[in-house]
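K.L.:
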Amino acid sequence: MLYHCQQCDSQYSKWQGQCDECSKWGTIREASSSEHDQSAVVTSIDTAHSAPRFSTGMHEFDNVLGGGLVPGSLLLLAGDPGIGKSTLILQAIHAFARKNTGTVLYICGEESPEQISLRMVRLSVPGDRIQFISDTRLGAIIGAIKKHAPSLVVVDSIQTTIDAAIASEAGSVTQLRASTAQFLACAKQTSIPIVLIGHVTKEGTVAGPQLLSHMVDVVLYLEGDRLHEYRLLRSSKNRFGPTNQVGVFSMTEQGLVEVKNPSQLFLEEGGGGHPGSVVSVIMEGSRPFLIEIQSLTNKTSYGYPKRAASGFDLSRLELLLAVLQRRAGLKLENQDVFLNVVGGLRVKDPALDLAACLAIASSLSNQPMPHKSIALGEVGLSGEVRPAAHLETRVSEAKRLGFTSFFVPKHSAKDSFSGMHQISNITQALSSLGISK
132 MLYHCQQCDS
142 QYSKWQGQCD
152 ECSKWGTIRE
162 ASSSEHDQSA
172 VVTSIDTAHS
182 APRFSTGMHE
192 FDNVLGGGLV
202 PGSLLLLAGD
212 PGIGKSTLIL
222 QAIHAFARKN
232 TGTVLYICGE
242 ESPEQISLRM
252 VRLSVPGDRI
262 QFISDTRLGA
272 IIGAIKKHAP
282 SLVVVDSIQT
292 TIDAAIASEA
302 GSVTQLRAST
312 AQFLACAKQT
322 SIPIVLIGHV
332 TKEGTVAGPQ
342 LLSHMVDVVL
352 YLEGDRLHEY
362 RLLRSSKNRF
372 GPTNQVGVFS
382 MTEQGLVEVK
392 NPSQLFLEEG
402 GGGHPGSVVS
412 VIMEGSRPFL
422 IEIQSLTNKT
432 SYGYPKRAAS
442 GFDLSRLELL
452 LAVLQRRAGL
462 KLENQDVFLN
472 VVGGLRVKDP
482 ALDLAACLAI
492 ASSLSNQPMP
502 HKSIALGEVG
512 LSGEVRPAAH
522 LETRVSEAKR
532 LGFTSFFVPK
542 HSAKDSFSGM
552 HQISNITQAL
562 SSLGISK
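See below:
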């Protein structure tokens, strides 16, 4: 006799009230004897069928997926409410229908087909090859998928589906787990890719149990600030391709538009050139983006100076300020310091340390950086400037956009190149730019 926990799948030789692994009560049930009597089909890897990917028709979407949709894959698209998940998926399935044969089955759990139709009219998305089901019963949805055999299925959203065999409300831990497990089995049996749309909580995790991320094949996050036009589609998990790939979209009245050159979205024309402004390059997945970091220093009116950052980690800013004061001798103890990443982008790349330090020093001394210049490097506690990862890729992107001067860590580049200024510590960086203390 075998028992297992319905919450975490832990197995036990005898029944007990509480699961030792997940600490849940009343979740341990007897395993069906039929589960042990069944025999799985063994397949040799040499004869396994390798199916081609389906292009979504959107280059940015395909790039994040690693080349397109894999038949039989289960995807989770998550994001904040109102960030544009439904808009993105409607445009994606329109492009998919134009690129591939067959129909797309759209499961309406949150909105009626009529409400979705209004959005489709606004986005100029025809509905001739898109079929809708306004039902939240899991059994009925699975049955419709097997009956109609569409080329692609979209479930909007996973929080609304209900398994009648489970006595709990929609969106609960048990319902989410059961629904995801059945969609996964359906996708593998039918070789139909299924996209689940989920919401993100205030903490930034997918609403419901984190086990959803472990059950699906691909996890995509649509990120961005609703007050800014850009949206980033990021893969945090991909069993069929690289992770942390990023697709960039711009939100317009006509919906989301693919951005072929992301650097133009986050960088003003000419970028930099005035006190407190420094241009640097971040890596999002394998893609380099040029961004502008702005700083403003002002004599404080209070006993304790204020430090504020937008798009930049505040703890990191305070660390860099301490380095500038102790190692470079800048007088910042009576200065309010504000740091902003232009475009509303949130960055965590340590290679931006040097750019942030130079922006603060530039604002304090009122001396601008050289025109068309880039700063790259991580700053240590002793004031040393450490190499940045993927330096060649970052520099190549900056050169492509016309930048000619590069302040980079010493010995970080394999070969010297025109316009390269090698920096060993933060004091040298300030003196080479003529920025006074």
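According to the numbering used here, numbering within the sequence shown proceeds without interruption in unit steps and concludes at 568.
Backbone N, C-alpha and C fix where the C-beta goes; we use that ideal spot for every residue, glycine too.
Since the model is a prediction, treat every value here as computed from it, not as a measurement.
1) Could you say which of R458, L363 and I261 lies nearest to L221 if we only look at CA atoms?
2) Just reading off the alpha helix (DSSP H) that H279 is part of, what are its end residues?
3) Which residue's Cα is closest to the Cα of L353: V526, Q147 and G215?
4) So, are the CB atoms of I424 and V472 less than 8 Å apart?
5) What three-state label does DSSP hand G382 in the structure shown?
6) Quick check on this structure: which residue in I272, E464 and D211 has the alpha carbon closest to the alpha carbon of I238?
7) Using the Cα positions of P518 and G434, report the straight-line distance between them to the nearest angstrom.
8) Quick one: what's got a C-beta closer than 6 Å to K230's C-beta in the same chain, skipping five residues either side?
9) So C488 is in the beta strand (DSSP E); what residue range does that whole segment cover?
10) Closer than 8 Å is the cut-off here; do at least three beta carbon pairs connect the segment 447-454 with the segment 481-497?
11) So, with DSSP's three-state summary, where would you put S310?
12) Sorted by chain position, which residues of the same chain lie with C-beta nearer than 6 Å to R357's C-beta, five sequence neighbours on each side aside?
13) Please tell me whether V235 and A226 are closer than 8 Å, where the distance is taken between their beta carbons.
14) Measuring straight from C-alpha to C-alpha, what distance separates L455 and V377?
15) Taking three-plus beta-carbon pairs below 8 Å as touching, is the segment 461-476 in contact with the segment 358-378?
16) Of all the options F548, L269, S265 and P281, which has the alpha carbon lying nearest to the alpha carbon of M233?
17) What did DSSP end up calling P436 once you bin it into helix, strand or coil?
18) Taking the straight line between their C-alpha atoms, what separation do you get for Q137 and I297?
19) Once the 5 residues before and after F534 are set aside, which same chain residues still bring their CB inside 6 Å of it?
20) When you compare only the Cα positions, how much space is there between M251 and I264?
21) Whole angstroms is fine: what's the gap from L283's alpha carbon to A295's?
22) Starting from the Cα of D211, find the closest Cα among L205, S288 and L269 and give me that residue.
23) Check whether chain B comes within 8 Å of S496, counting only Cβ atoms and requiring the distance to be less than that.
24) Determine which residues share a DSSP beta bridge with K430 and list them.
25) Need the endpoints of the alpha helix (DSSP H) that P393 sits in, please.
26) According to DSSP, is P419 part of a helix, a strand, or is it coil?
27) Going by DSSP, what residue range makes up the beta strand (DSSP E) through Q553?
28) Counting C-beta neighbours from all protein chains within 10 Å, is the total for V173 16 or more, i.e. buried, or is it exposed?
29) How about K437: is its Cβ closer than 7 Å to a heavy atom in the ligand SAH?
30) Tell me whether E242 sits in a helix, a strand or coil according to DSSP, three-state version.
31) Going straight from the alpha carbon of R531 to that of Q306, what length do you get?
32) What is the DSSP secondary structure of N194, counted as helix, strand or coil?
33) Would you call P324 buried or exposed, if buried means 16 or more other Cβ atoms sit within 10 Å of its Cβ?
34) Could you give the distance in angstroms between the alpha-carbon of S563 and the alpha-carbon of M551?
35) Is the beta carbon of I554 closer than 8 Å to that of F537?
36) Pick out whichever of K462, V390, S141 and Y134 has its Cα sitting closest to the Cα of T431.
P.N.:
In this structure, then:
1) Counted from its first residue, the sequence shown places residue 221 at position 90. Nearest of R458, L363 and I261 to L221, Cα basis: I261.
2) For the purposes of this step, residue 279 is identified with residue 148 of the sequence shown, where counting begins at 1. Where H279 is concerned, the enclosing alpha helix (DSSP H) stretches over L269 to H279.
3) Your numbering for residue 353 matches position 222 in the sequence shown. The option with the nearest alpha carbon to L353 is G215.
4) On the sequence shown, residue 424 is found 293 positions in, with the first residue counted as 1. On the sequence shown, residue 472 is found 341 positions in, with the first residue counted as 1. Contact: yes.
5) Here residue 382 is taken as the residue at index 251 of the sequence shown, counted from 1. At residue 382 the sequence reads Met, which differs from the Gly that was named. Strand.
6) To locate residue 238, count along the sequence shown from 1; it is residue 107. Comparing Cα positions, the closest option is I272.
7) Mapped onto the sequence shown, residue 518 falls at position 387. Mapped onto the sequence shown, residue 434 falls at position 303. Straight-line Cα distance between these residues: approximately 37 Å.
8) Position 99 of the sequence shown, counted from the start, is the residue given in the question as residue 230. Cβ neighbours of K230 beyond the five flanking positions: S186 and G188.
9) Along the sequence shown, read from residue 1 onward, the residue named residue 488 stands at position 357. It is not in any beta strand (DSSP E) - C488 instead sits in the alpha helix (DSSP H) that spans D484 to S496.
10) yes
11) On the sequence shown, position 179 is the one that residue 310 refers to. Three-state result, S310: helix.
12) Stepping through the sequence shown from its first residue, residue 357 is reached at position 226. Excluding residues within five positions, none has a Cβ falling inside 6 Å.
13) What you label residue 235 is simply residue 104 of the sequence shown in a count that begins at 1. What you label residue 226 is simply residue 95 of the sequence shown in a count that begins at 1. Contact flag unset, no.
14) Against the sequence shown, residue 455 aligns to sequence position 324. Against the sequence shown, residue 377 aligns to sequence position 246. For L455 and V377, the distance between alpha carbons rounds to 33 Å.
15) yes
16) As a first step, residue 233 must be located in the sequence shown, where it is residue number 102. Correcting the residue type first, residue 233 is Gly in the shown sequence and not Met. Checked all of F548, L269, S265 and P281; the closest Cα to G233 is P281.
17) Counting from 1 along the sequence shown, the entry for residue 436 is found at position 305. Coil.
18) Your numbering for residue 137 matches position 6 in the sequence shown. Your numbering for residue 297 matches position 166 in the sequence shown. Rounded to the nearest angstrom, the gap between the Cα atoms of Q137 and I297 is 11 Å.
19) By 1-based counting over the sequence shown, the position of residue 534 is 403. Taking C-beta separations shorter than 6 Å and ignoring five residues to either side along the sequence, the partners of F534 in its chain run K503 and I505, following chain order.
20) By one-based count along the sequence shown, residue 251 stands at place 120. By one-based count along the sequence shown, residue 264 stands at place 133. Here the C-alpha atom of M251 lies approximately 16 Å from the C-alpha atom of I264.
21) Taking the first residue of the sequence shown as 1, we reach residue 283 at position 152. Taking the first residue of the sequence shown as 1, we reach residue 295 at position 164. L283 and A295: Cα-Cα distance of roughly 25 Å.
22) Position 80 of the sequence shown, counted from the start, is the residue given in the question as residue 211. Measuring from the Cα of D211, the nearest candidate turns out to be S288.
23) The chain labelled as chain B is not found in the depicted structure, where only one protein chain is given.
24) On the sequence shown, residue 430 is found 299 positions in, with the first residue counted as 1. BP columns for K430 point to Q466.
25) For the purposes of this step, residue 393 is identified with residue 262 of the sequence shown, where counting begins at 1. First-last of the alpha helix (DSSP H) with P393: P393 to F397.
26) Here residue 419 refers to the residue found at position 288 when the sequence shown is read from its first residue. P419 falls in the strand class under three-state DSSP.
27) Position 422 of the sequence shown holds residue 553. Q553 -> beta strand (DSSP E) spans M551 to I554.
28) Counting from 1 along the sequence shown, the entry for residue 173 is found at position 42. Exposed, because fewer than 16 other Cβ atoms sit within 10 Å of the Cβ of V173.
29) Of ligands this structure carries none, so the ligand SAH is not represented either.
30) As a position in the sequence shown, residue 242 is number 111, starting the count at 1. Coil, per DSSP.
31) Working through the sequence shown from its first residue, we reach residue 531 at position 400. Working through the sequence shown from its first residue, we reach residue 306 at position 175. R531 and Q306: Cα-Cα distance of roughly 51 Å.
32) Position 63 of the sequence shown, counted from the start, is the residue given in the question as residue 194. The answer is helix: DSSP assigns N194 an H, G or I state.
33) What you label residue 324 is simply residue 193 of the sequence shown in a count that begins at 1. Per the 10 Å Cβ criterion, buried.
34) Indexing the sequence shown from 1 puts residue 563 at position 432. Indexing the sequence shown from 1 puts residue 551 at position 420. Roughly 12 Å separates the two Cα atoms.
35) The residue you call residue 537 lines up with position 406 of the sequence shown. The residue you call residue 554 lines up with position 423 of the sequence shown. Their beta carbons are not under 8 Å apart, which means F537 does not touch I554 by this criterion.
36) As a first step, residue 431 must be located in the sequence shown, where it is residue number 300. The shortest C-alpha separation from T431 is found at K462.
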